[in-house]
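Accompanying notes for the structure given below.
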Amino acid sequence: MLKKLKSALKSPTGSILALALKAAVFSGLLYFVNGQWSMVVVFLAAALYFYFRPSFNADKFLASFLVLLVVSLLIRWSIVNNQWSIVIVIFLGFLFFILLGIKNLIFIKRESLYHFLNNLLLLIIFILFFRSSPYHLFFIKYLLLIFAIGLLSKEFLNFLIPELLPSQKKKVIIWGTSFLIAQFIWAINLLPINFLNAAALSFLAMFILQDFVIHHFSGTINRQIILRNITVFLVLTLIICGASKWSP
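Anchor point for the sequence shown: position 29 equals 78 in the working numbering, and the numbering is continuous, going up by one each time.
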């Protein structure tokens, strides 16, 4: 019976099932964290075990894994006894499912799924940053946000355009992008708009920058793409700002 189960889990369908079980355990343990440090240890131990077994590609997606762990705990601690807590932990488990599938080469269209995962993680950290109080440890949270953006940007470049950039140029792009976004976030933080609109503006800027970088280093950048991205950015910025409730 045990041999049959192992054989089934090694099949393509079984691999997806194994990922789903790991994601379910991830969500279940996260739900029971509830500020209890003993459960935090159990949750982290299980997540680390699931991620590093097998260790194949573990270093390649480590940034996404670490960011997902941190934001999962931060979100769980902020929604204790919230009616949406079950839905949110299931969603975070779904992100863990995608991450493991990409890492372990289970999914076929890994580039599209990775782009989706990377974008969601960026959006989540923007929401967490702008949702927190701007008066409590702002500078520390600001630096941590920029550091997380840098890590995700580095992983993004290494995965989507791995052979096209020398390491030194890659570092310049990563931290240059992080610096530009940092200035943009600082400016947005001064605007009297709610945290969701602020996060949406930050994510929009990051998304457009990533698109420019991909097209530039894949040799597909042209005037049409530049005009399209600028137009999309301006139109969506106007929509987001227009939908915001400006309060002094």
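Note that beta-carbon positions come from the ideal geometry of N, C-alpha and C, so glycine has one too.
Note that this is a predicted model, so its numbers are computed, not measured.
For residue 270, there is no enclosing alpha helix (DSSP H), since its DSSP letter is neither H nor E.
Note that the C-beta distance between residue 162 and residue 151 is below 8 Å.
In this structure, the beta-carbon distance from residue 245 to residue 223 does not fall below 8 Å. Of the other Cβ atoms in all chains shown, fewer than 16 fall within 10 Å of the Cβ of residue 268; this residue is therefore exposed. Within the stretch 170-215, no complete beta strand (DSSP E) segment of 3 residues or longer occurs. Fully contained in the stretch 62-115 are the following alpha helix (DSSP H) runs of length 4 or more, in chain order: 86-101. Counting only the Cα atoms, residue 83 lies some 12 Å from residue 90. Taken through DSSP and simplified to helix, strand or coil, residue 154 comes out as coil. When C-beta atoms of the stretch 282-293 are compared with those of the stretch 252-267, three or more pairs fall below 8 Å, so the two segments count as touching. Taking each of 136, 148, 127 and 139 in turn and checking the Cα distance to residue 101, the smallest one comes out for 148. Of the candidates 177, 146 and 227, the residue whose Cα lies closest to the Cα of residue 127 is 177.
When rounded, the separation of the alpha-carbon atoms in residue 265 and residue 103 is 35 Å. For residue 159, same chain residues with a beta-carbon under 6 Å away, outside a window of 5 residues either side, are 151 in chain order.
For residue 234, the CB contacts under 6 Å within the same chain, skipping 5 residues up- and downstream, are 251 in chain order.
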